[in-house]
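The structure appears below as structure tokens.
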Amino acid sequence: MREIMTNSYVEDYQKAAKFLAENGMYDPNMERDNCGVGLVAAIDGKPNREVLRHAFQATRALDHRGAVDADGKTGDGAGIHVQIPQEFFKRHIRRTGHDPEESSLAVGQVFLPKTDFNAQERCRCIVETEVLKYGYRIYGWRQVPVNIEVIGEKANATRPEIEQIMIANTLGKSNEDFENDLYIIRRRIENQCLSENLTEFYFCSLSCRSVIYKGMFMAGEITEFYPDLNDELFVSNFAIYHQRYSTNTFPQWRLAQPFRMIAHNGEINTLTGNVNWTKAHETCMASPVFGSHIEDIKPLITNGSSDSAALDAIWEVLVRAGRPAPAVKALMVPESIGQNALMPKAHEDLFAYSNSVMEPWDGPAAICGTDGQWIVAGLDRNGLRPLRYTITGDGILLVGSETGMSEVDESKVVEKGHVRPGGMIGIDLREGKFYHDRELKDWTAARKPYGEWVKNIVKVDQIIKTDSPKPVYYPEDVLCRQQQLFGFTEEDMDLILRPMVETGYEAIGSMGDDTPQAVLSDKYRGLHHFFRQAFSQVTNPPIDSLRETRV
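Residue numbering for the sequence shown follows my numbering, starting at 113 and increasing by one per position.
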């Protein structure tokens with residue numbers, strides 16, 4: 113009975129939200145949240161249990177950054193992104209009677225419909241068909257062990273069937289090529305499921321490098337809900353963790369983070385523009401990596417994606433197209449170059465290039481992400497979310513929304529600090545080297561001849577005429593007719609033009625504007641009156657007046 117009541121509650125919410133979206137002013141795209149995020153990584157790139165021990169301890173310190181339902185157990189969502197423990201999964205494969213390949217296997221963490229068994233089987237069929245089409249062999253499916261006692265009634269009522277599909281690299285491809293194939297396979301599967309209205313299907317991850325465990329519980333309960341994580345064979349060289357705080361977004365299992373590449377704390381204020389520009393870029397998008405399969409990965413952003421999910425989707429496709437994670441961070445969430453005279457020329461060229469090929473994803477953002485080789489953490493250009501780091505003497509990097517989320521021996525700490533606005537830090541897991549902000553941007557800027565690419569860019573300031581033309585004086589009657597012709601009103605004269613004449617600055621008004629919408633007016637209104645700005649522009653003082661020119 114409790115499960116039926118909870119399901120009814122969820123259905124009632126979804127029906128009400130749908131009704132408001134279709135008949136009212138409610139827009140799910142305007143929803144925002146604030147969260148806790150962090151990562152732990154071994155600088156030498158070698159997997160071990162110590163990395164996970166720190167990560168699990170840090171997740172237990174994130175409960176205050178998430179919300180909990182009245183049942184005391186249902187959380188807004190939490191999760192962890194780790195390297196695939198190859199021996200852990202190969203042990204399971206041997207138990208099923210298969211002999212695993214020597215090369216790396218791929219694991220897909222899948223959410224399936226829980227109660228609709230026909231839909232569940234159809235989802236499996238679609239997944240298997242697409243994998244086999246590419247010539248890869250499937251070891252089998254594994255039902256992920258879970259402990260439902262630690263989650264609340266509402267979380268359990270909406271809990272999907274959680275399974276893993278294990279895939280052999282029978283084609284003998286490199287990890288990079290295998291990953292690219294898996295990405296195309298996943299996008300084909302997702303598009304096919306959407307076309308058949310199998311909306312409860314979701315891939316948490318499909319990779320030969322990493323796997324994601326997440327759900328609607330508090331972050332501290334992750335090891336209780338997923339017993340896999342307590343196995344001694346479950347080791348990793350990195351762990352990205354996240355605790356979601358949903359302010360007005362209904363919690364869902366699929367919206368828990370981390371996503372496939374990143375975990376994000378913040379909100380993308382330019383999301384509408386970014387999504388629209390992405391749709392425009394899709395029409396001429398091309399890459400030798402995807403070749404003839406380029407149409408299979410479109411649309412890049414699925415309808416109804418949150419701002420974090422959209423950010424992750426574009427981050428992922430840029431990585432798959434050949435860019436390393438530091439370059440993607442610089443491209444999507446760049447540093448403000450503005451009037452920063454201290455910025456090296458190479459960095460300025462890098463960000464000038466980024467600004468010319470992609471619109472920045474702007475807004476408060478603390479991001480932890482990986483592409484399999486690099487693990488990076490970075491902030492938005494204004495530094496509107498906290499991100500602090502600690503490096504221990506035994507080669508462990510800890511990054512998080514707060515300092516002290518994982519207990520470390522202070523006598524073994526070799527460095528502490530915070531990521532600065534627009535900055536990033538990272539580890540090359542193959543090289544086994546930690547990079548500070550300046551070093552990482554030096555490395556990124558040296559990858560390509562950005563200076564050569566941007567040398568012919570002409571700034572608008574360079575082509576605007578600075579010589580003011582001689583003013584024209586009209587007779588009073590002619591001036592009056594001209595003003596009437598162009599729709600000037602007494603309000604325009606008194607509230608806009610007069611302050612500009614008297615002070616030499618643009619007039620600043622209050623937020624309140626009770627003027628009726630032009631479309632409802634029975635009087636003549638100028639064409640520009642029919643357009644309204646979606647946000648208030650001249651109300652906030654600058655956070656950093658020296659570097660906000662480009663913000």
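Here a beta-carbon is modelled for each residue, glycine too, at the ideal position from N, C-alpha and C. Note that the structure is predicted; figures quoted are calculated from it, not measured.
Where residue i falls: helix, strand or coil (DSSP)
i, result
"Gly434", "coil"
"Ser448", "coil"
"Glu602", "helix"
"Gly616", "coil"
"Asn724", "Limits of the chain in this structure are 113 at one end and 663 at the other, which puts residue 724 out of reach."
"Gly187", "strand"
"Lys441", "helix"
"Thr390", "helix"
"Thr414", "coil"
DSSP bridge partner residues for residue i (one or two, in chain order)
i, result
"Ile222", "First, the amino acid is wrong: residue 222 is Val here, not Ile. Paired residue(s): Glu275 and Phe315."
"Tyr353", "Gly150 and Ile192"
"Met669", "What the structure shows of the chain is the stretch from 113 to 663, and residue 669 is not part of that stretch, so it cannot be assessed."
"Phe546", "Ile539"
"Asn377", "Ala478"
"Ser420", "Beta-bridge pairing links Ser420 to no other residue."
"Trp253", "Ile277"
"Tyr501", "Val511 and Gly529"
"Ser348", "Asn160"
Enclosing alpha helix (DSSP H) for residue i [first to last residue]
i, result
"Leu244", "Phe229 to Lys245"
"Thr556", "Asp549 to Ala557"
"Tyr636", "Neither: Tyr636 is in no alpha helix (DSSP H) and is coded neither H nor E."
"Gly512", "Not the alpha helix (DSSP H): Gly512 falls in the beta strand (DSSP E), residues Ile508 to Gly512."
"Glu291", "Asn287 to Ser307"
"Glu564", "Tyr562 to Val566"
"Tyr465", "Lys457 to Val469"
"Cys592", "Glu588 to Leu597"
"Glu335", "Looking at the sequence provided, one finds Thr at residue 335 rather than Glu. That run of the alpha helix (DSSP H) goes Ile334 to Phe337."
Continuous beta strand (DSSP E) stretch holding residue i: start and end
i, result
"His405", "His405 -> no beta strand (DSSP E), and no H or E assigned at all."
"Thr208", "Looking at the DSSP string, Thr208 is not in any beta strand (DSSP E), and its letter there is neither H nor E."
"Ser322", "Ser322 to Gly327"
"Pro525", "A small fix is needed here, since residue 525 is Val in this sequence, not Pro. From DSSP, the beta strand (DSSP E) with Val525 extends over Val525 to His530."
CB of residue i within 8 Å of CB of residue j, strictly
i, j, result
"Val323", "Val194", "yes"
"Glu275", "Gln255", "yes"
"Arg497", "Pro476", "yes"
"Ser348", "Pro533", "no"
"Val488", "Tyr501", "no"
"Ile205", "Tyr251", "yes"
"Val431", "Met470", "no"
"Phe371", "Asp424", "yes"
"Leu345", "Ile279", "no"
"Leu481", "Ala437", "The amino acid at residue 481 is misidentified as Leu; the sequence shows Gly. Yes."
"Ala368", "Met328", "yes"
"Gly191", "Leu174", "no"
"Leu509", "Phe546", "yes"
"Ile263", "Thr186", "yes"
"Ser215", "Gly157", "no"
"Pro225", "Pro272", "yes"
Residue burial classification, residue i (beta-carbon count within 10 angstroms, cutoff 16)
i, result
"Phe350", "buried"
"Asp340", "buried"
"Leu412", "buried"
"Asp145", "Its pLDDT being 47, under 50, Asp145 is placed unreliably in this model, and the coordinates cannot settle the point."
"His166", "buried"
"Asn360", "Because the pLDDT of Asn360 is 46, which lies under 50, any placement of that residue in the model is unreliable, and the number read from its coordinates should be weighed accordingly. Result: exposed."
"Ser468", "exposed"
"Trp486", "buried"
Proximity test, residue i beta-carbon vs the ligand ATP heavy atom, cut-off 7 Å
i, result
"Phe371", "No copy of the ligand ATP appears in this structure; indeed no ligand is present at all."
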